[in-house]
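Q:
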Amino acid sequence: MVTLGLSLLSLARLQFAMTTIFHFFFVPFSIGLGFLVAIMETIYAIKKEDIYKKMAQFWGKIFLLSFAVGIVTGLIQEFQFGMNWSNYSRFMGDIFGAPLAIEALLAFFMESTFIGVWMFTWDRFKPGIHALFIWLVSIGTMLSAIWILTANSFMQHPTGFTINAKTHHAQMTNFGQVLGNPQLWRVFPHLILGAFVLGAFVIAGMSAWGLIRKQKDKQFFKKSLRFGLWFGLVASIGVMIAGDFQTQEIIKDQPMKFAATEGEYENTGSPASWKIVATFDTKAHKTTHEISVPYMLSLLAYHKPEGSVKGMNTINRELRQKFAHNKSQSIRDIKNFYVPTTALFWSFRVMAGFGALFALVALVGLFFTRPKNNIIEKQRWFLYIVGLTMWCPFIANTAGWLITELGRYPWIVYGLYTIADAVSPSTTVGQLVFSNIVFFLLFASLGGVLIYYARQTLHKGLDAIDGPSATQKDIPTADPFAKEAFD
Amino acid sequence: MSALQFIWFVLVCVLFIGFFFLEGFDFGVGMASGLIAHSDGEKATMTKIIGPHWVVNETWLVTAGGAMFASFPMWYASLFSGYYIMFLLVLVGLIIRGVSFEFTEHAETARGRHFWYRVFVAGSLLTPLALCIIFFSLIQGVPINASGDVHAGFFDVINWLSVVGGIAGVLMSLIHGLNYTRLTTTGILRERARNLNRYLYPLLFVGEVVFALLVIFKTDFFTNKPISSSLIVIMIVLMSLLGTWGTFKDHEVASLLGSGLSLAFVVILIFNGLFPRVMIATNPAHNILIQNASSSPAALGLMTIVVCILLPIVLIYLTWSYYIFAHRVPSKKATE
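Protein sequence lines, in the order shown, are assigned to chains A and B.
Counting from 1, position 61 in the first sequence corresponds to residue 61 in UniProt numbering; the numbering is continuous, with no gaps.
Counting from 1, position 278 in the second sequence corresponds to residue 278 in UniProt numbering; the numbering is continuous, with no gaps.
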């Protein structure tokens, strides 16, 4: 059979990468924007200032766009485990299933019920009650993240399980441990704050574009811009602290992942210097060129100017030894435990670099928009910068996700089950090529249409919120359960 | 088979019933909007009557899938990987339909709106068709190997029973959607929905007879469980009769219950026929049974506790959300 060099495994991985990355544009989008809209509406409920209602309605419209795409791409994510990774589903069902089922019952139903209620009841409930609906949606999106991360954290650092001797599948022994996974509670704050950064900069960035166009709703966009920047500043500082907190766990749990993000093949001396940029010979497992800052890596890793970091070559030898006598043949067959070094190294730099940029842009922006002397409109160059920065959290979040997921190579469940073993044995290359094309076309068009409509909504400004989703003016009073229905 | 395993088999069935009963009329309204809504305003009315509900209705499928993954991972793995292309079609249908709601609202031009309305109709048709084809092909038995992998060929998936079942499922959803339209609108749409259903019901009865005959000859449902299978088929027909009566006598709640429950009994027929298997293999030795497809007792027990706590809460606010939108939307000619 002609496979054109395409294997089932590589196609399934490509599809997973594509789906996860695309889905993960909208997860933080919905979490971040939902939370911000909830805050806006709460301010409105307390202060009764109309501008906050308009903010909640306008940004709510953008939120609904992202929510719709997030929902449908989440469906793909769920189905994909069964479709492409059936052996993984069999292996992990006992542990993956419970969080997924709880997510659906606890989070999905809440989100999806109250988003419908929220959309259509602006003029039917008191502001305080109506704000409660968006809070339920927002809390739902975050609860949903917790449960998915529970499953993902197990894949990074399995706890609370045993391997069934007969079926060789993972089996839950202690749900408390699955839920108390240290990785989970360190990745969750990082992810949520990353989502807040994204939401904040989408609002700030779109407001900046609104101001650049010099359209009528200036006050509105100025207010939104400042709101976004404040929130962006707090969240971007928070995300860095949370990231550092998470790194401490990764150094312990997945040293290979950490060493790769720092590009260290050999054990470093003490104190260790930090590579700003570097190039690698991944075949010979060597760093070829680098520019580095002394002491910095020790400071980053251990928060003190000493201490060495273990290199990938050492870790690889240790892992080979550790798994040499594993019961599973396919695990014994693995000769190398190296992860994709170049991708991890640069992903980390992109993520961290953007993190610093966000804080900086937010600070400068807050200076230009200070209430006493708001000179933001004269600083058009800066508005362009904020407008462009809007796209960066998407890249930064993706980079972070790549580190998490590529960093567990070759494992699908760290130390227990390999990606190669997880793939569906019954799918064919043809099916995968076909589905990859279908998904690619869907994602490209969904993304394009979404950006187009978001831009259109922005250009319409506040006129956009007079549509049917904001207010439903023609509420009729007939009751379907009234007598006439039974007549 | 343990009690917990049985409970979860029933629960998965209940979740699918919830999905077909609720999302069934969403699909139907979607298809019907291509048939009975002529103007922009009428089309907008059709999307408005399900606007607040469709996301949560779709959540029933997400939950059913999640529950299947959680309680019967072997079933989930074999089914979803075995029906690869069909599930891809289900996804495509759900995706284009899901985004069409939001995108229609954002579309500025008439051309844009019409495009998304058409997408809405197409997605609403494709999803139930593909889902019913999956269900009705798998009850005939498919080639499954010893490790549970399904290697179904084209004719294992596309055959008389699955195609007739698929069309019947689409027709039942359409009728259900029209009944929902009758209940939730006033004016011309309500009249057109009723008139169309008066033609569709006779057609459905023909479909049901053909379908029942095919089930008798193509599956072991009637040889294994003659009494229960017959009773369920009778219930499907009775519920369709209830819907017909409601259509001709203008009892709208009765119609909606009739069409919803007939869909529910189709799901029950499938699950009753499968029991105690979850996947039927052409070689009976490779049947996947409830007994050996499930998660561990600990995981099932944990989830049972979770369901007992959460499901009542979910049902309460779900009912409440239907209650607050319980009003008729007038058919409007004007565009929004």
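A virtual CB, placed ideally from N, CA and C, is assigned to each residue, including glycine.
Measure the C-alpha to C-alpha separation of Val10(B) and Val117(A) and round it to an integer number of angstroms.
A: One C-alpha to the other measures close to 30 Å.
Q: If we define contact as Cβ-Cβ less than 8 Å, is Gly18(B) a contact residue for chain A?
A: With 8 Å as the cut-off, Gly18(B) does not count as an interface residue toward chain A.
Q: First and last residue of the beta strand (DSSP E) that includes Gln171(A)?
A: Gln171(A) -> beta strand (DSSP E) spans Ala170 to Met172.
Q: Count the C-beta pairs between the region 163-176 of chain B and the region 105-112 of chain A that are closer than 8 Å, then say yes if the count reaches three, no if not.
A: They do not touch, by the three-pair rule.
Q: By the three-class DSSP mapping on this structure, what secondary structure does Met1(A) have?
A: Residue placement at Met1(A) cannot be trusted, given a pLDDT of 41 that sits under 50; what the coordinates show is reported in the next sentence. Residue state, collapsed to three classes: coil.
Q: Helix, strand or coil, according to DSSP, for Ala478(A) in the structure here?
A: Residue confidence is low: Ala478(A) scores 44 on pLDDT, short of 50, so the model does not pin down where it sits. Its coordinate-derived value is still stated next. Three-state DSSP puts Ala478(A) in coil, outside helix and strand.
Q: Could you tell me if Thr288(A) is buried or exposed, where buried requires 16 or more neighbouring beta carbons within 10 angstroms of its beta carbon?
A: Per the 10 Å Cβ criterion, exposed.
Q: Counting only Cβ-Cβ distances shorter than 8 Å, please list the residues of the region 302-320 of chain B near chain A, keeping chain order.
A: So the list reads Leu302, Met303, Val306, Val307, Leu310, Leu311, Val314, Tyr317 and Leu318, given in the order they occur along the chain.
Q: Could you confirm whether any beta carbon from chain C is found closer than 8 Å to the beta carbon of Met86(B)?
A: No chain C is part of this structure, whose protein chains are labelled A and B.
Q: Could you spell out where the beta strand (DSSP E) holding Trp122(A) opens and where it closes?
A: Segment: none, Trp122(A) is in no beta strand (DSSP E) and carries neither H nor E.
Q: Using a C-beta cutoff of 8 Å, does Met142(A) count as contacting chain B?
A: Not closer than 8 Å to any Cβ of chain B, the Cβ of Met142(A) fails to qualify, so no.
Q: Short check: CB of Tyr199(B) to CB of Gly28(B), under 8 Å?
A: No, the pair does not count as a contact, with Cβ atoms beyond the cut-off.
Q: I'd like to know whether the C-beta atoms of Ala44(B) and Leu178(B) end up nearer to each other than 8 Å.
A: Against a cut-off of 8 Å, the Cβ pair of Leu178(B) and Ala44(B) comes out as no contact.
Q: Using the beta-carbon of each residue, which ones in chain A are nearer than 7 Å to Met74(B)?
A: Here the neighbours are Arg90.
Q: Between the C-alpha atoms of Met55(A) and Asp463(A), what's the straight-line distance to the nearest angstrom?
A: Going by the C-alpha atoms only, they are around 12 Å apart.
Q: According to DSSP, Trp274(A) sits in a beta bridge with which residue or residues?
A: Answer is Val293(A), bridged to Trp274(A).
Q: Run through DSSP, which three-state label would Asp156(B) get?
A: Helix, per DSSP.
Q: What does the alpha-carbon distance come out to for the pair Ser10(A) and Ile216(B)?
A: Ser10(A) and Ile216(B): Cα-Cα distance of roughly 44 Å.
Q: I'd like to know whether the C-beta of Asp123(A) is nearer than 8 Å to at least one C-beta of chain B.
A: Chain B, which has no Cβ nearer than 8 Å to the Cβ of Asp123(A), makes this no.
Q: Taking only beta-carbon positions, decide if Asp479(A) is within less than 8 Å of chain B.
A: Residue placement at Asp479(A) cannot be trusted, given a pLDDT of 48 that sits under 50; the coordinates are not used to answer.
Q: Pick from Ile419(A), Ile43(A), Leu432(A) and Trp401(A): whose alpha carbon is nearest that of Phe337(A)?
A: Here the closest residue by C-alpha is Ile419(A).
Q: Provide the residue(s) that pair with residue 491(A) in DSSP beta bridges, ordered along the chain.
A: Absent from the structure is residue 491(A), since the part of chain A shown begins at 1 and ends at 487.
Q: For Leu91(B), which residues in chain A fall below 7 Å Cβ to Cβ?
A: Those within 7 Å of Leu91(B) in chain A are Leu75, Ile76 and Phe79.
Q: Relative to the C-alpha of Ser162(B), which candidate in Ser71(B), Gly207(B), Gly123(B) and Arg190(B) has its C-alpha closest?
A: Nearest of Ser71(B), Gly207(B), Gly123(B) and Arg190(B) to Ser162(B), Cα basis: Gly207(B).
Q: Please determine, among Ala264(B), Phe248(B) and Lys249(B), the residue with the shortest C-alpha to C-alpha distance to residue 337(B).
A: Only positions 1 to 336 of chain B appear in the structure, and residue 337(B) is not among them; the question remains open.
Q: Do Ala278(A) and Leu344(A) come within 8 Å of each other at the CB atom, strictly closer than that value?
A: Result no, Cβ atoms of Leu344(A) and Ala278(A) do not sit closer than 8 Å.
Q: Can you tell me the Cβ-Cβ gap for Gln456(A) and His106(B), rounded? I've got them flagged as a contact below 8 Å.
A: Yes, they are in contact, since the Cβ atoms of Gln456(A) and His106(B) sit about 7 Å apart, within 8 Å.
Q: According to DSSP, is Leu289(B) helix, strand or coil?
A: Strand.
Q: Sorted by chain position, which residues of the same chain lie with C-beta nearer than 6 Å to Glu41(A)'s C-beta, five sequence neighbours on each side aside?
A: Same-chain partners within the cutoff: Ala56, Ala131 and Ile134.
Q: Is the beta carbon of Gly141(B) sitting closer than 8 Å to the one on Ile280(B)?
A: Yes.
Q: Rounding to the nearest angstrom, what Cα-Cα distance links Ile163(A) and Met155(A) in this structure?
A: The alpha-carbon atoms of Ile163(A) and Met155(A) are separated by roughly 14 Å.
Q: Would Leu450(A) be called buried (16 or more neighbouring beta carbons within 10 Å of its own) or exposed?
A: It is buried - the Cβ of Leu450(A) has at least 16 other Cβ atoms within 10 Å.
Q: Pick helix, strand or coil for Tyr417(A), following the three-state DSSP scheme.
A: It is a strand residue.
Q: Please name the residue in Phe21(B), Asp40(B) and Pro73(B) whose C-alpha comes closest to that of Leu289(B).
A: Of the candidates Phe21(B), Asp40(B) and Pro73(B), the one whose C-alpha sits nearest the C-alpha of Leu289(B) is Pro73(B).
Q: With burial defined as no fewer than 16 other Cβ atoms inside 10 Å of the residue's Cβ, what is the status of Val293(A): buried or exposed?
A: So Val293(A) counts as exposed.
Q: Closer than 8 Å between beta carbons: that is the criterion. Which residues of the region 279-293 of chain B meet it against chain A?
A: Taking 8 Å as the Cβ-Cβ cut-off against chain A, none of the residues of the region 279-293 of chain B qualify.
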